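Here is the structure we will look at.
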Amino acid sequence: MSDDTDYADLSSRHHCFLQTFINRKIIEQTTLDKITSAINAYYKSPQQSSNQYINDLNPYLIDFHIQIKTAKSQGKNYWALVNLKADEYSKLATYYQPSDTIFFKAIIEKLVQNGGEISNNECLNLGKAAKAGGSTKVEEILNTFIQDNWLRKSEDKARVTLAERSIIELQPMLVDLPDCYLCSQKVLTEKGVIEYQCSHDDCAIQLHTLCAKQWFSTHTKSNPCPNCKKPFK
Ligand SMILES: [Zn+2]
Ligand SMILES: [Zn+2]
0 MSDDTDYADL SSRHHCFLQT FINRKIIEQT TLDKITSAIN AYYKSPQQSS
50 NQYINDLNPY LIDFHIQIKT AKSQGKNYWA LVNLKADEYS KLATYYQPSD
100 TIFFKAIIEK LVQNGGEISN NECLNLGKAA KAGGSTKVEE ILNTFIQDNW
150 LRKSEDKARV TLAERSIIEL QPMLVDLPDC YLCSQKVLTE KGVIEYQCSH
200 DDCAIQLHTL CAKQWFSTHT KSNPCPNCKK PFK
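So for the sequence shown, numbering that gives the first Met the number 0 puts the first residue at 0; every next one is plus one.
Here it is in structure tokens:
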């Protein structure tokens, strides 16, 4: 740490909040809010929201090239601790064998070409092409990527998509994916489509399901597109 005095300025409850991120890496919003309430109760502190803790911590963490960042995935909001300094591939090299990393890169590249989604078979073929091993070994490695929150399988197990950790930590590799008009984060294809896309050709903005539902719950009159203001869909 370059400046211990700054970090020491943070209260015990901020340290506790940060420790939770160090332990869990990725936390879904409702879980995070419960943890925050528990921390507030334990330290008998005023009700401070998760976002306030994050806003307090990020200016300190930036000195260490770390930030708490957010991503939306599968209709939920996630937060993760991200190392801004490490380049994306060297991050992976610290977690996996070289052949696994080649497999992983191949999956990510294919996912980006396909809007964030590929078939499970396609994924396994990439593993074989990367010489990650035989069928069983390739499935094992793929399951590791899923357990580590980089990837997710669809409920029917037929498709593989980017999970929240990739969306947060691998941002520079995902520039070709569309951004949500409302929150500026990546929107992924689900079952071959993006559910909320403006049907007017000159607009065609994309929205997360979560962002769209929030927007349309407060803009009920004629369902206006947040960009072109024409009726959405
Ligand atoms: Zn959004
Ligand atoms: Zn529009």
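Glycine residues also receive a C-beta, built at the ideal position from the N, C-alpha and C atoms.
Here the structure is a predicted model, which means the values were calculated and not measured.
Considering only residues of the same chain and omitting the five flanking positions on each side of alanine 131, which have a CB-CB separation below 7 Å? Residues of the same chain with a CB within less than 7 Å of the CB of alanine 131, apart from the 5 flanking positions on each side, are Ser98, Asp99, Phe102, Val137, Ile140 in chain order.
Tell me the start and end of each unbroken beta strand (DSSP E) in the region 71-123 that is at least 3 residues and wholly inside, in chain order. For the region 71-123, whole beta strand (DSSP E) runs of length 3 or above, ordered along the chain, are 75-82, 116-118.
In this structure, how does DSSP classify proline 177 when only helix, strand and coil are distinguished? Coil.
Taking the Cβ atom as the reference point for each residue, do lysine 152 and cysteine 197 lie within a distance shorter than 9 Å? Note that the C-beta distance between lysine 152 and cysteine 197 is not below 9 Å.
Can the beta-carbon of glycine 185 be found less than 9 Å from the beta-carbon of cysteine 202? Checking the sequence shown, residue 185 turns out to be lysine, not glycine. Cβ atoms of lysine 185 and cysteine 202: not closer than 9 Å.
Quick check: is any heavy atom of ligand 2 less than 8 Å from the C-beta of lysine 203? First, the residue type needs correcting, since residue 203 is alanine and not lysine in the sequence shown. Yes, since a heavy atom of ligand 2 falls inside the 8 Å radius drawn around the Cβ of alanine 203.
Hey, quick one: how far does the beta strand (DSSP E) through lysine 152 stretch, first residue to last? In the DSSP annotation of this structure, the continuous segment of the beta strand (DSSP E) that includes lysine 152 starts and ends at 150-152.
Measure from the alpha carbon of alanine 79 to the alpha carbon of each residue in Glu168, Arg12, Met172, then state which is nearest. When each option's Cα is compared against that of alanine 79, the closest is Glu168.
At 3 residues or longer, what runs of the beta strand (DSSP E) sit wholly inside the region 128-163? Complete beta strand (DSSP E) runs here, min 3: 150-152, 158-161.
One question on the structure: do leucine 161 and glycine 115 come within less than 9 Å of each other, judged by their Cβ atoms? With respect to the 9 Å criterion, leucine 161 and glycine 115 are classified as neighbours on the basis of their beta carbons.
Which residues mark the beginning and the end of the beta strand (DSSP E) in which isoleucine 25 is found? From DSSP, the beta strand (DSSP E) with isoleucine 25 extends over 25-27.
Lysine 229 CB to nearest heavy atom of ligand 2 below 8 Å: Distances taken from the Cβ of lysine 229 to the heavy atoms of ligand 2 include one shorter than 8 Å.
For cysteine 210, collect the residues of the same chain with a Cβ closer than 6 Å to its Cβ; drop the 5 residues on either side in sequence, then sort them by chain order. Cys179, Leu181, Cys182.
Indicate the three-state DSSP secondary structure (helix, strand or coil) for proline 58 in the structure shown. It is helical.
Mind checking whether the beta-carbon of valine 174 lies closer than 8 Å to any heavy atom of ligand 1? Every heavy atom of ligand 1 is 8 Å or more from the Cβ of valine 174, so no.
Measuring only from the beta carbon, is cysteine 182 closer than 8 Å to any heavy atom that is part of ligand 1? Remark: the C-beta of cysteine 182 is in contact range of ligand 1, defined as less than 8 Å to any heavy atom.
Best match in Leu187, Tyr195, Val159 for proximity to asparagine 124 [C-alpha to C-alpha]: When only C-alpha atoms are compared, the closest one is Val159.
Under 9 Å, do phenylalanine 16 and threonine 30 count as touching if we go by C-beta distance? No, the Cβ-Cβ distance between phenylalanine 16 and threonine 30 is not below 9 Å.
Boundaries of the alpha helix (DSSP H) in which lysine 212 is found, first to last residue: It spans 208-217 - the alpha helix (DSSP H) in which lysine 212 sits, taken as one unbroken run.
Could you check whether the Cβ of cysteine 224 sits closer than 8 Å to any heavy atom belonging to ligand 2? Because some heavy atom of ligand 2 lies under 8 Å away, the Cβ of cysteine 224 counts as near it: yes.
Euclidean distance between Cα positions of methionine 0 and alanine 85: Below a pLDDT of 50, predicted positions are generally treated as unreliable, and methionine 0, at 39, falls in that range; the measurement from the model is reported next regardless. For methionine 0 and alanine 85, the distance between alpha carbons rounds to 17 Å.
With 16 as the cutoff for other CB atoms within 10 Å, does glycine 191 come out buried or exposed? Taking all protein chains shown into account, glycine 191 has fewer than 16 neighbouring C-beta atoms within 10 Å of its C-beta and is therefore exposed.
In three-state DSSP terms, what is glutamine 47? Looking at glutamine 47 - three-state DSSP - the assignment turns out to be coil, as it is neither helix nor strand.
Where threonine 69 sits in the DSSP three-state scheme: Reduced to three states, the DSSP call for threonine 69 is strand.
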